[in-house]
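Chains A and B, in that order, are what the protein sequence lines are. Count the first sequence with the numbering used here and you get residues 66 to 164, in order. Count the second sequence with the numbering used here and you get residues 66 to 164, in order. All C-beta atoms, glycine included, are put in the ideal place defined by N, C-alpha and C. For reference, the structure is listed below as structure tokens.
2 protein chains.
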Amino acid sequence: MFVHSVYFWLQNPENEADRDALNAGLQTLKTIDAVSTVYVGRPAETRRPVIDHSYDFALTLVFTDKAAHDVYQEHPTHLQFVADCSHLWSRVQIYDSVE
Amino acid sequence: MFVHSVYFWLQNPENEADRDALNAGLQTLKTIDAVSTVYVGRPAETRRPVIDHSYDFALTLVFTDKAAHDVYQEHPTHLQFVADCSHLWSRVQIYDSVE
Numbered sequence: 066m067f068v069h070s071v072y073f074w075l076q077n078p079e080n081e082a083d084r085d086a087l088n089a090g091l092q093t094l095k096t097i098d099a100v101s102t103v104y105v106g107r108p109a110e111t112r113r114p115v116i117d118h119s120y121d122f123a124l125t126l127v128f129t130d131k132a133a134h135d136v137y138q139e140h141p142t143h144l145q146f147v148a149d150c151s152h153l154w155s156r157v158q159i160y161d162s163v164e
Numbered sequence: 066m067f068v069h070s071v072y073f074w075l076q077n078p079e080n081e082a083d084r085d086a087l088n089a090g091l092q093t094l095k096t097i098d099a100v101s102t103v104y105v106g107r108p109a110e111t112r113r114p115v116i117d118h119s120y121d122f123a124l125t126l127v128f129t130d131k132a133a134h135d136v137y138q139e140h141p142t143h144l145q146f147v148a149d150c151s152h153l154w155s156r157v158q159i160y161d162s163v164e
């Protein structure tokens, strides 16, 4: 499997409308066929020095392989999400891993 | 769901025995009942400035909720993994998120 983990830091983390807009955008990614599993989360209540909880949203996408991930990257729904929402975040951090 | 994502940087990334030992330790975590889904991966071949591919192993654990995650943290198999393998890594970075 191919795991694509993305962490988003909002430009205006205190702005509820921005938070809702990013969340709504992330939810649209669940409709993309190439994706096997999707988790959209917020930071958990865990606190240890090795845990980064400073982000606003976590997106975990699981694909059967890199080919499926590549289809997702170019999918119109994904491109629309980036076009609609990229102004909302100040930073993204991505980790891609393969089994 | 509760997603626990851990990235490991080996103390000696060029040492094959260390790499195999950490991988073997990570595989034991798959036997823990409280875990719903486990992915153990290596960095994918994707390269963009927002992608961190400097780590050696990625562990993605999915739990039904934080209570299941807490059971995992204290599970003997997890504690054994930390006791056996923590000398192998120089850094871990964790992100915990809840849906």
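Contact under 9 Å by Cβ, residue i with residue j
i             : j             : result
residue 68/A  : residue 127/A : yes
residue 154/A : residue 92/A  : no
residue 66/A  : residue 119/A : no
residue 86/B  : residue 150/B : yes
Span separating the alpha-carbon of residue i from that of residue j
i             : j             : result
residue 148/B : residue 156/B : 15 Å
residue 125/A : residue 138/A : 14 Å
residue 83/B  : residue 97/B  : 23 Å
residue 159/B : residue 162/A : 15 Å
residue 104/B : residue 131/A : 15 Å
residue 152/A : residue 141/B : 45 Å
residue 164/B : residue 123/A : 9 Å
residue 115/B : residue 145/B : 34 Å
residue 133/B : residue 78/B  : 32 Å
Nearest candidate by alpha-carbon position, reference residue i, set the options
i             : options                      : result
residue 112/A : 92/B, 110/B, 135/B and 152/B : 135/B
residue 99/B  : 123/B, 105/B and 129/B       : 129/B
residue 117/A : 162/A, 66/A and 73/A         : 73/A
residue 143/A : 108/A, 121/A and 89/A        : 89/A
residue 107/B : 141/B, 81/B and 121/B        : 121/B
Check: residue i C-beta below 8 Å from any heavy atom of the ligand FAD
i             : result
residue 113/A : What this structure holds is no ligand at all, so the ligand FAD is not there to describe.
Cβ neighbours of residue i in the same chain (closer than 8 Å, five flanking residues each side left out)
i            : result
residue 80/A : none
Sequence-distant residues of the same chain with beta carbon closer than 6 Å to residue i, five excluded per side
i            : result
residue 95/B : 103
Tell me the start and end of each unbroken beta strand (DSSP E) in the stretch 94 to 155 of chain A that is at least 3 residues and wholly inside, in chain order.
-> 102 to 108 and 122 to 128
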